[in-house]
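Participant:
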Amino acid sequence: MFDFTEEELNRYSRHILLKDVGVEGQEKIREAKVLVIGAGGLGAPVAMYLAAAGVGTIGIVDGDVVDLSNLQRQIIHTTPDVGRPKVESAKETMTSINPNVKVVTYQDFLRADNVLDIVRDYDFVVDGTDNFPVKFLINDACVMAGKPFSHGGILRFEGQTFTYVPGHACYRCMFKTPPPANAVPTCSQAGVLGAIAGMLGTIQAAETLKYITGVGELLTDKLLTFNAKTMDFRKINVRRRDNCPLCGQNPTVTELIDYEQGVCDLASHKN
Amino acid sequence: MATHTLDITKEHCPMTFVKTKLKLAQIADGDILEVLLTEGEPLSNVPRSATEQGYKVLSVTHVEGNIHKVTIQK
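The listed protein sequences derive, respectively, from chains A and B. Just so you know, the first sequence maps onto residues -11 to 259 in the working numbering. Just so you know, the second sequence maps onto residues 122 to 195 in the working numbering.
Here it is, written out as structure tokens:
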């Protein structure tokens, strides 16, 4: 038990020194399997911090290739990576930060027909996607599979996140259905301050590590929102709803749905 | 109730307490750990950190030269 090498003790010393993490917590981190969905603005800091933290197995899902316009915020990729599959570029950065972690890549987009197979092998899921259809798909799949996950979304100067743990409020307890396609702009249409991705993504990474180690209180039943223009952070209390269409008493969402994506989303997938 | 020993006289801060924590994690509750360490930072930091993190420091005794023994109960 606790057979850390000299290299690991040194690498993770700042975690081990923490009373709340210690050797026991670092062992849990090493044993953990986390799935990061999206290797973009949010997925980049999440995947990098989780690799640095020594999460034993990290899965990363993205069907896209690196585009020059990504580099303003997707700090896991660099200029020579333009044109390469994002999951390959991400894996390279992660393993160069920490060769001890195993990175599993899924060069694909998440759909109703593959999401359950992918999330099955993981203890915790991080939503780092940029559109509503996939956010609902991740929520629905995780609720159905009983997987905890971190929701994250950013736009312009704002971000929002909460953490789902079975038994607590899910995304559909807050938002019943996705907005109509193109009713709400995505980052690619409306823009986003690059550093916002880092602000939100690092909160998601911290929530992931808190879940793994059992330290502190998660953002369950709480939606954290911030506006970087004023640097106002708000925590809104939310509750699991009896009439939630997914996790309520009489669910109407009983199978996974591929919602229609906005035109811009589809275009951005082709890049 | 077993007694274990750990020599961290060759280590530097913060690996002194990291090694101490590793050993403490590996032994059973109630066991005793005798830590050999040097004067200066290790002697001032390790007993204090151990106390702060909820371990019981039973004694600090001089061994020889600049080496001291800190006895900690898990």
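From the three backbone atoms N, C-alpha and C, an ideal C-beta is built for every residue, glycine too. This one's a predicted model, so the numbers in the text were calculated from it and none came from an experiment.
#1: Please name the residue in E146(A), E(-5)(A) and F(-10)(A) whose C-alpha comes closest to that of V11(A).
#2: For P163(B), which residues of its own chain have a beta-carbon under 6 Å away from its beta-carbon, when the five flanking residues on both sides are left out?
#3: Could you list the residues in the segment 67 to 94 of chain A with a C-beta less than 8 Å from some C-beta on chain B, going in chain order?
#4: Taking the alpha carbon of K123(A) as the point to measure from, which residue in G140(A), V54(A) and M132(A) has its own alpha carbon closest?
#5: Out of G186(B), K142(B) and V184(B), point me to the one whose CA is closest to P168(B)'s CA.
#6: Between which two residues does the beta strand (DSSP E) containing G227(A) stretch?
#7: Could you list which residues in chain B have their beta carbon closer than 7 Å to that of V203(A), in chain order?
#8: Please classify L56(A) as buried or exposed, where buried requires at least 16 other C-beta atoms within 10 Å of its C-beta.
#9: For a cutoff of 8 Å on Cβ pairs, would you count V11(A) as touching chain B?
#10: Near G204(A), which residues of its chain fall below 7 Å by C-beta distance, leaving aside the five closest residues on each side in sequence?
#11: When you compare the CB of A146(B) with every CB in chain A, is at least one pair closer than 8 Å?
#12: Under a three-way DSSP split, which group does K90(A) fall into?
#13: Using a Cβ distance threshold of 8 Å, determine whether the segment 179 to 195 of chain A contacts the segment 33 to 49 of chain A, with at least three qualifying pairs required.
#14: According to DSSP, is P73(A) part of a helix, a strand, or is it coil?
#15: Classify S170(B) as buried or exposed, calling it buried when 16 or more other Cβ atoms lie within 10 Å of its own Cβ.
#16: What number of angstroms, rounded off, separates the C-alpha of G116(A) from the C-alpha of V184(B)?
#17: Assuming contact is defined by CB atoms lying nearer than 8 Å, are G161(B) and M122(B) in contact in what I supplied?
#18: Would F97(A) count as contacting chain B if we go by Cβ distances under 8 Å?
#19: Could you check what DSSP says for G44(A) in three-state terms: helix, strand or coil?
#20: Can you give me the C-alpha to C-alpha distance between C252(A) and R229(A), rounded to a whole angstrom?
#21: With H, G and I counted as helix, E and B as strand and the rest as coil, what does DSSP make of H65(A)?
#22: Please list the terminal residues of the continuous beta strand (DSSP E) segment that includes K198(A).
#23: When you compare the CB positions of F163(A) and K217(A), do they come within less than 8 Å of one another, or not?
#24: Which of helix, strand or coil does DSSP assign to I25(A)?
#25: Mind listing the chain B neighbours of K16(A)? Cutoff is C-beta to C-beta under 8 Å, in chain order.
#26: Would you call A129(A) buried or exposed, if buried means 16 or more other Cβ atoms sit within 10 Å of its Cβ?
#27: By DSSP, does R99(A) sit in helix, in strand, or in coil?
#28: Would you mind telling me which residues of chain B sit closer than 8 Å to K7(A), beta carbon to beta carbon, in chain order?
Facilitator: On the basis of the data shown:
#1: Translated into positions along the first sequence, residue 11(A) becomes position 23. Checking every option, the nearest Cα to that of V11(A) belongs to F(-10)(A).
#2: In the second sequence, counting from the first residue as 1, residue 163(B) sits at position 42. Closer than 6 Å at the Cβ level, and outside the excluded window around P163(B), lie T137.
#3: none
#4: Walking along the first sequence from the start, residue 123(A) turns up at place 135. Here the closest residue by C-alpha is G140(A).
#5: Translated into the one-based positions of the second sequence, residue 168(B) becomes position 47. The residue with the shortest Cα to Cα distance from P168(B) is K142(B).
#6: On the first sequence, position 239 is the one that residue 227(A) refers to. For the record, residue 227(A) in the displayed sequence is Arg; it is not Gly. Neither: R227(A) is in no beta strand (DSSP E) and is coded neither H nor E.
#7: Translated into the one-based positions of the first sequence, residue 203(A) becomes position 215. Ordered by position in chain B, no residue passes the 7 Å Cβ test against V203(A), which lies about 14 Å from the chain.
#8: Working through the first sequence from its first residue, we reach residue 56(A) at position 68. With fewer than 16 Cβ atoms within 10 Å of its Cβ, L56(A) is classed as exposed.
#9: Within the first sequence, residue 11(A) is the residue found at index 23, counting from 1. Chain B contact via Cβ: present.
#10: The sequence position of residue 204(A) within the first sequence is 216, counting from 1. Closer than 7 Å at Cβ, skipping near neighbours: K198.
#11: For the purposes of this step, residue 146(B) is taken as the residue at position 25 of the second sequence. Yes, A146(B) lies at the interface with chain A (some Cβ there is under 8 Å from its Cβ).
#12: Locating residue 90(A) in the first sequence gives position 102, where the first residue counts as 1. Reduced to three states, the DSSP call for K90(A) is strand.
#13: yes
#14: Reading the first sequence from its first residue, position 85 is the one you call residue 73(A). Three-state DSSP puts P73(A) in a strand.
#15: Residue numbering aside, residue 170(B) sits at position 49 when the second sequence is read from its first letter. Buried is the call here.
#16: Looking up residue 116(A) in the first sequence gives position 128. Looking up residue 184(B) in the second sequence gives position 63. The alpha-carbon atoms of G116(A) and V184(B) are separated by roughly 56 Å.
#17: Residue 161(B) sits at position 40 when you count from the first residue of the second sequence. Residue 122(B) sits at position 1 when you count from the first residue of the second sequence. Against a cut-off of 8 Å, the Cβ pair of M122(B) and G161(B) comes out as no contact.
#18: Walking along the first sequence from the start, residue 97(A) turns up at place 109. Taking Cβ atoms only, chain B never reaches closer than 8 Å to F97(A), which makes this a no.
#19: Your numbering for residue 44(A) matches position 56 in the first sequence. Reduced to three states, the DSSP call for G44(A) is coil.
#20: Here the question's residue 252(A) lines up with position 264 in the first sequence. Here the question's residue 229(A) lines up with position 241 in the first sequence. At C252(A), the pLDDT of 49 sits below 50, so the modelled position is not reliable; the number obtained from the coordinates is stated separately. Rounded to the nearest angstrom, the two C-alpha atoms are 33 Å apart.
#21: As a working mapping, residue 65(A) is identified with position 77 in the first sequence. Coil at H65(A), not helix or strand.
#22: Numbered from its first residue, the first sequence carries residue 198(A) at position 210. That residue, K198(A), is in no beta strand (DSSP E); its alpha helix (DSSP H) goes G182 to T201.
#23: Residue 163(A) sits at position 175 when you count from the first residue of the first sequence. Residue 217(A) sits at position 229 when you count from the first residue of the first sequence. For F163(A) and K217(A), no; Cβs fall outside 8 Å.
#24: Residue numbering aside, residue 25(A) sits at position 37 when the first sequence is read from its first letter. Of the three classes helix, strand and coil, the one that applies to I25(A) here is strand, per DSSP.
#25: Here residue 16(A) is taken as the residue at index 28 of the first sequence, counted from 1. None at all; the shortest Cβ gap to chain B is about 12 Å.
#26: Within the first sequence, numbered from 1, the residue matching residue 129(A) stands at position 141. When all chains shown are included, A129(A) counts as buried.
#27: Looking up residue 99(A) in the first sequence gives position 111. Note: R99(A) maps to coil in three-state DSSP.
#28: Counting from 1 along the first sequence, the entry for residue 7(A) is found at position 19. Result: E173, Q174 and G175.
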